[in-house]
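In case it helps, UniProt numbering puts the sequence shown at residues 1 to 588. For each residue, glycine too, the CB sits at the ideal point set by N, CA and C. The structure appears below as structure tokens.
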Amino acid sequence: MPASEPVLLGRKRALPSCPNPLFLKWLTELRDEAREKGLKIQYTYQKAISSLTKYPLPLQNAKEAKILQNFGDGICKILDEKLQRYYRENGPNAPIHSLPKGALPPSRPDNNNLAPPTKVYKEFVSLCKGRRKKREYVPQKRSGGYAVLLTLYRQSQIPGSKGYMFKLELQAEAQLLCDKSFTVPDLGSKYTAWSSVSTLIQKNLVIKTHNPARYSLTEEGLALAERLEAAEQGTKDSGPGVVELTISEEEDEDRIQVATVAQAEGEGGERFFSGKPQDSQAASKKASGGCLLPGTYEILLCVDFIETTGGSRHCKQELVKELQRNGVNFDIRKLNVGDFLWVAREKVAPVPGQLRAPAGRELVLDYVIERKRMDDLCGSIIDGRFREQKFRLKRCGLRRPIYLVEECGTAAAHQSLPEATLQQAIVNTQVVDGFFVKRVQDVRESAAYLTVMTRYLTKLYQNRTLICRSRELEGDGESEEERGTPSYSLISFAEFNHGAIKNKCQTVKEVFARQLMQISGLSGDKAAAILEHYSTPHSLLTAYEQCATEAEKEKLLSSIRYGKLKRNLGPALSRTVYQLYCTQGALS
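Right, dumping it as structure tokens:
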């Protein structure tokens, strides 16, 4: 057997060098710079480096590199700019396929450059990160999150409170503390102030449970809300270096500038940025006893947003354009009952250092308008909305409900119901239900009527002192207006809109009233009269059990008087109610 050839031991064959070392050097520098800054583009540069090292031919300029994978317009433009700078510094004939003398050759770029860092490096990075204190999330003042936290905190401090709030009542209460609407997004945006609740839940400040949803504060949220409340009341000294407690993370640079100005101005600067000049406004409100004095408010027409969106959009936009053309001061917002109403909005001066002026108090005037086109009137009668809307208008707390009917020429003759039926419904609304009915022909006349009403109410209330009252005191104020006294009591817009919510959590008495109104011939006035004697089904059934005979049970409700004329319900309706609640099995 021949002797085996000796095994040659030595180093591996050297890999061929990159024919484009200058481009390779620049890409390596770009990658390292992006890696130091933590930018994800470092991976794009690394892919370009890998493609460049595999290409065996020399490149004359950066545009030729476009044929390589992972070389886009951006990278080629950067390399071209570096190449032009290189020519200016070293001359137009400088070699580009070899490095200048004294330049360090770029390391062989392979995947090892993106290998995971060593254990020592990881420990060093974690130690550096541990020194950096993570900043606590604090919502910006008068933002959605700020208003929600304060509202939940104040509700939790009420003795005997349930410890949570439903969505609708939370929105109504928090709206007073927020500049942005909780229900209607700003123009050009799809987000409302309520969108910030998801952030509060994610930050473990608010917890959401049950269905319907119940919102309450966590321990962390309670601690943060206490600090916000302390800052709101001015009882907590923020210190010389911390001027604005409720600053958002996006305004970190602005916070440094504000703090610098505050330190330079001393105590005056702290009072300026902490919002303490508002104490004078609070003192003036306290001195006026919660009233709006003449000259301190303006009359504003509120238009339901449904009247400006959806449906026949052209006609609805025409209404808005007519109001603008007539110079009417109006605001588009969500109204839970009615289509138009007027509020007396407090005039509040802008606070220096704040983007928006503080929200002034709003009291609802006693006039609310429900607008009906003939086609809408016909549809509401068919599906039952017509009677329900009239019932809700009566219970909304405003004393002057108005029906604005747009007859639209001969449109009533082409509806699903006969014209005589529609005209009878309009007459019943005025005569039986006591509403004021205004007939107009088209949208332009509707806008003209709203314009005249706005100017009339502006003149009517210009010398009046407006006092905020609760809905429970709906009867107050009638005698004041009749006597011509300068003061007048009105309910706040927040309380009005919350009380008019259609699908809010209802009491047993309200559900009982809705049940009674499903009976044919039993109107809202008759249901209200029955509720004055028997507020729940249990009390009515108890009264039936105490009756000795069937005849006495059937006539139990017949002598109850209802309405302004104090008429009796009558035996027929009393018998129907008795059969509904006391008959075993199905009704025949």
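In the DSSP assignment, what residue or residues form a beta bridge with Cys302? As a first step, residue 302 must be located in the sequence shown, where it is residue number 302. According to DSSP, which records beta bridges pairwise, Cys302 is partnered with Asp331, Leu341.
Given that a residue counts as buried once 16 or more other Cβ atoms are within 10 Å of its Cβ, and exposed if not, what is Ser489? On the sequence shown, position 489 is the one that residue 489 refers to. Label assigned to Ser489: buried.
How many angstroms separate the CA atom of Ala572 from the CA atom of Lys526? Working through the sequence shown from its first residue, we reach residue 572 at position 572. Working through the sequence shown from its first residue, we reach residue 526 at position 526. When rounded, the distance between both Cα atoms is 13 Å.
Of all the beta strand (DSSP E) runs that stay within the bounds of the stretch 208 to 235, which reach a length of 3 or more residues? Fully enclosed beta strand (DSSP E) runs of 3 or longer: 214 to 217.
Going by DSSP, name the residue or residues bridged to Glu362. Here residue 362 refers to the residue found at position 362 when the sequence shown is read from its first residue. Beta-bridge annotation (DSSP): Glu362 is paired with Arg345.
Collapsed DSSP secondary structure at Leu292 in the structure displayed: Here the question's residue 292 lines up with position 292 in the sequence shown. Residue state for Leu292 is assigned as strand, using DSSP reduced to three classes.
I need the boundaries of the beta strand (DSSP E) containing Glu406, first residue and last residue. For the purposes of this step, residue 406 is identified with residue 406 of the sequence shown, where counting begins at 1. Under the DSSP assignment, Glu406 falls in the beta strand (DSSP E) whose first and last residues are 400 to 406.
Decide if the stretch 364 to 375 is in contact with the stretch 337 to 344; the criterion is three or more beta carbon pairs, one per stretch, under 8 Å apart. By the Cβ test, the stretch 364 to 375 is in contact with the stretch 337 to 344, since at least three Cβ pairs between them sit closer than 8 Å.
Could you tell me if Ser198 is buried or exposed, where buried requires 16 or more neighbouring beta carbons within 10 angstroms of its beta carbon? Position 198 of the sequence shown, counted from the first residue, corresponds to residue 198. Note on Ser198: under 16 other CB atoms within 10 angstroms of its CB, so exposed under the neighbour-count rule.
Spell out the partners DSSP gives Cys468 in its beta bridges. Against the sequence shown, residue 468 aligns to sequence position 468. DSSP, once it has assigned bridges, lists Leu490 as partnering Cys468.
Can you give the Cα-Cα distance for Glu173 and Ala548, rounded to whole angstroms? Your numbering for residue 173 matches position 173 in the sequence shown. Your numbering for residue 548 matches position 548 in the sequence shown. CA-CA distance, Glu173 to Ala548, rounds to 50 Å.
Let me know if Leu541 comes out buried or exposed under the rule of 16 or more other beta-carbons within 10 Å of its beta-carbon. Locating residue 541 in the sequence shown gives position 541, where the first residue counts as 1. Under this definition Leu541 is an exposed residue.
For Pro401, count the other beta carbons within 10 Å of its own beta carbon; 16 or more makes it buried, fewer makes it exposed. Which is it? Mapped onto the sequence shown, residue 401 falls at position 401. By the neighbour-count rule (16 or more Cβ atoms within 10 Å), Pro401 is buried.
Among Ser143, Ala231, Leu30, Thr218, which residue has its Cα nearest to the Cα of Gly163? Position 163 of the sequence shown, counted from the start, is the residue given in the question as residue 163. Minimum Cα-Cα distance from Gly163 among the listed residues Ser143, Ala231, Leu30, Thr218 corresponds to Thr218.
Within the continuous alpha helix (DSSP H) that includes Lys37, where are the two ends? The residue labelled residue 37 in the question sits at position 37 within the sequence shown. Lys37 -> alpha helix (DSSP H) spans 21 to 37.
In the DSSP output, what is Lys438 paired with across the bridge? For the purposes of this step, residue 438 is taken as residue 438 along the sequence shown, with counting starting at 1. Lys438 is bridged by DSSP to Leu404.
Could you name the residues of the same chain whose beta carbon sits closer than 6 Å to that of Leu177, not counting the 5 residues immediately before and after it, in chain order? Here residue 177 is taken as the residue at index 177 of the sequence shown, counted from 1. If we look at Leu177 and ignore the five residues flanking it on each side, its Cβ neighbours are Ala147, Leu150.
In whole angstroms, what separates the C-alpha of Leu30 from that of Tyr45? Numbered from 1 along the sequence shown, position 30 holds the residue referred to as residue 30. Numbered from 1 along the sequence shown, position 45 holds the residue referred to as residue 45. CA-to-CA, the gap between Leu30 and Tyr45 works out to about 7 Å.
Cα-Cα, which of Gln423, Phe23, Ala543, Thr192 is closest to Arg373? Locating residue 373 in the sequence shown gives position 373, where the first residue counts as 1. The residue from Gln423, Phe23, Ala543, Thr192 with its alpha-carbon nearest to that of Arg373 is Gln423.
Keeping to the same chain, check which residues put their C-beta closer than 7 Å to that of Ile381; ignore five residues upstream and five downstream. For this step, residue 381 is matched to residue 381 along the sequence shown. In chain order, Leu417, Ala425 place their CB closer than 7 Å to the CB of Ile381, counting only its own chain and leaving out the 5 sequence neighbours on each side.
Considering only heavy atoms of the ligand SAM, does any lie closer than 7 Å to the CB of Arg444? The model on display carries no ligand, and the ligand SAM is accordingly not part of it.
Three-state secondary structure (DSSP) at Phe182? Walking along the sequence shown from the start, residue 182 turns up at place 182. Here Phe182 sits in coil by DSSP.
What is the rounded straight-line gap between the Cα of Glu251 and the Cα of Gln140? Stepping through the sequence shown from its first residue, residue 251 is reached at position 251. Stepping through the sequence shown from its first residue, residue 140 is reached at position 140. With a pLDDT of 42 at Glu251, under the threshold of 50, the predicted position of this residue should be treated as unreliable, though the coordinate-derived value follows. Each residue's alpha carbon lies about 10 Å from the other.
Please list the terminal residues of the continuous alpha helix (DSSP H) segment that includes Asp80. Residue 80 sits at position 80 when you count from the first residue of the sequence shown. First-last of the alpha helix (DSSP H) with Asp80: 73 to 90.
Determine, using beta carbons only, whether Leu355 and Ala447 come nearer to each other than 8 Å. Here residue 355 refers to the residue found at position 355 of the sequence shown. Here residue 447 refers to the residue found at position 447 of the sequence shown. No, the Cβ-Cβ distance between Leu355 and Ala447 is not below 8 Å.
Leu404 versus Gly338 - alpha carbon distance: Along the sequence shown, read from residue 1 onward, the residue named residue 404 stands at position 404. Along the sequence shown, read from residue 1 onward, the residue named residue 338 stands at position 338. CA-to-CA, the gap between Leu404 and Gly338 works out to about 11 Å.
Contacting residues, own chain, Cβ-Cβ under 7 Å from Glu169 (five flanking each side not counted): On the sequence shown, position 169 is the one that residue 169 refers to. Taken in chain order, the residues that qualify are His498.
Please classify Asn329 as buried or exposed, where buried requires at least 16 neighbouring CB atoms within 10 angstroms. The residue labelled residue 329 in the question sits at position 329 within the sequence shown. Asn329 is exposed by the Cβ-count criterion.
Inter-residue spacing [alpha-carbon to alpha-carbon] between Glu550 and Thr308: Position 550 of the sequence shown, counted from the first residue, corresponds to residue 550. Position 308 of the sequence shown, counted from the first residue, corresponds to residue 308. About 55 Å.
Following the continuous alpha helix (DSSP H) through Ala448, name the residue where it begins and the one where it ends. Stepping through the sequence shown from its first residue, residue 448 is reached at position 448. DSSP places Ala448 in the uninterrupted alpha helix (DSSP H) bounded by 443 to 460.
Give the straight-line distance between the Cα atoms of Thr192 and Gln42, rounded to the nearest whole angstrom. Position 192 of the sequence shown, counted from the start, is the residue given in the question as residue 192. Position 42 of the sequence shown, counted from the start, is the residue given in the question as residue 42. Roughly 38 Å between the two C-alpha positions.
Tell me whether the beta-carbon of Glu370 lies closer than 8 Å to the beta-carbon of Leu398. Taking the first residue of the sequence shown as position 1, residue 370 is located at position 370. Taking the first residue of the sequence shown as position 1, residue 398 is located at position 398. The answer is no: Cβ separation not under 8 Å.
Answer with buried or exposed for Asn20, where buried requires no fewer than 16 other C-beta atoms within 10 angstroms of its C-beta. Looking up residue 20 in the sequence shown gives position 20. It is buried - the Cβ of Asn20 has at least 16 other Cβ atoms within 10 Å.
Nearest residue (CA-CA) to Pro294, options Lys321, Val320, Lys347, Cys302: Counted from its first residue, the sequence shown places residue 294 at position 294. Measuring from the Cα of Pro294, the nearest candidate turns out to be Lys347.
Extent of the continuous alpha helix (DSSP H) to which Thr532 belongs: The residue given as residue 532 occupies position 532 in the sequence shown. Rather than Thr, the amino acid found at residue 532 in this sequence is Glu. Here the alpha helix (DSSP H) through Glu532 covers 524 to 533.
When the distance is taken between beta carbons, is Tyr544 closer than 8 Å to Lys555? Here residue 555 is taken as the residue at index 555 of the sequence shown, counted from 1. Here residue 544 is taken as the residue at index 544 of the sequence shown, counted from 1. For Lys555 and Tyr544, no; Cβs fall outside 8 Å.
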